[in-house]
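The next block holds one structure in the form of structure tokens; read it before the comments.
Numbering (our numbering), first residue to last: 21 to 223.
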């Protein structure tokens, strides 16, 4: 009797198991090198996407994430949130100032782009899902998690305040440098233009 051909799913499962075994034996340096290589690979892949390819990829990712989270038990949900928070804390503690600024800038750009492409229905669904997720998360958080959440919120607030203050300081410095390079006549013309603009705005 001929041997039955093994299914692709069985082969995939064995390959996944071997991959997990290999990764479990990685050193810290090998682990970081693999993650860095993967990030670089995906960055190159994403940078070459067309707009339609990007939308298709994001839609697929959203569906996968939604499907995965919809099947979570409450314990799995809490474990994922806890792991996410811990990973973010560790990652941000090791950031340099430049890395932090780059991350915040990239986050803002990514959110702005994603939300600018939302339909009204998608936006409403996102806000509703956010509210629901926050309600569930807060219902089951411990006192320690509650304190951590408030601490993180304060940190985000102060981060934003610092960014705003730095931006205003840079603008003041730029204006000061510009004024120092202006001649007296140019400065008078600029002041007159400002005065006229304010008059027009009040009409």
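Even glycine gets a Cβ: it sits at the ideal position worked out from N, Cα and C. In this text, all values refer to a predicted model and were calculated from it rather than measured experimentally.
* To do: Jot down the residue ranges of each uninterrupted beta strand (DSSP E) in the stretch 151 to 208, minimum 3 residues, whole runs only, in chain order.
  => none
Rounded to whole angstroms, what is the Cα-Cα separation between residue 209 and residue 216? To locate residue 209, count along the chain shown from 1; it is residue 189. To locate residue 216, count along the chain shown from 1; it is residue 196. Answer to the nearest angstrom: the Cα atoms are 11 Å apart.
Exercise. Less than 8 Å between the CB atoms is what I'm expecting for residue 115 and residue 105, so what's the real figure, rounded?
Key: Along the chain shown, one-based indexing puts residue 115 at 95. Along the chain shown, one-based indexing puts residue 105 at 85. That pair is no contact at about 16 Å.
(Q) Whole angstroms are fine: how far does the CA of residue 180 sit from the CA of residue 187? (A) One-based indexing of the chain shown puts residue 187 at position 167. One-based indexing of the chain shown puts residue 180 at position 160. Residue 187 and residue 180: Cα-Cα distance of roughly 10 Å.
Q. Does DSSP put residue 250 in a helix, in a strand, or in coil?
A. The structure shown does not extend to residue 250, since the chain is modelled only from 21 to 223, so the question has no answer here.
- Query: In terms of residues, what are the limits of the alpha helix (DSSP H) holding residue 80?
  - Reply: If you number the chain shown from 1, residue 80 lands on position 60. That run of the alpha helix (DSSP H) goes 71 to 90.
ask   = Over what stretch of residues does the alpha helix (DSSP H) that includes residue 118 continue unbroken?
value = Stepping through the chain shown from its first residue, residue 118 is reached at position 98. Taken as a continuous stretch (DSSP letters only), the alpha helix (DSSP H) holding residue 118 covers 117 to 136.
Start and end of the alpha helix (DSSP H) containing residue 111?
Stepping through the chain shown from its first residue, residue 111 is reached at position 91. Note, residue 111: alpha helix (DSSP H), 94 to 113.
> Would you report the Cα separation of residue 120 and residue 133, rounded to the nearest angstrom?
Replying inline: As a working mapping, residue 120 is identified with position 100 in the chain shown. As a working mapping, residue 133 is identified with position 113 in the chain shown. Near 20 Å, if we compare the C-alpha coordinates of residue 133 and residue 120.
Pair every Cβ in the stretch 146 to 165 with every Cβ in the stretch 89 to 106, then say whether three or more of these pairs are closer than 8 Å.
yes
Alpha carbon to alpha carbon, how far is residue 88 from residue 161? Give it in angstroms, no decimals.
-> Translated into positions along the chain shown, residue 161 becomes position 141. Translated into positions along the chain shown, residue 88 becomes position 68. Using only the alpha carbons, I get a separation of about 21 Å.
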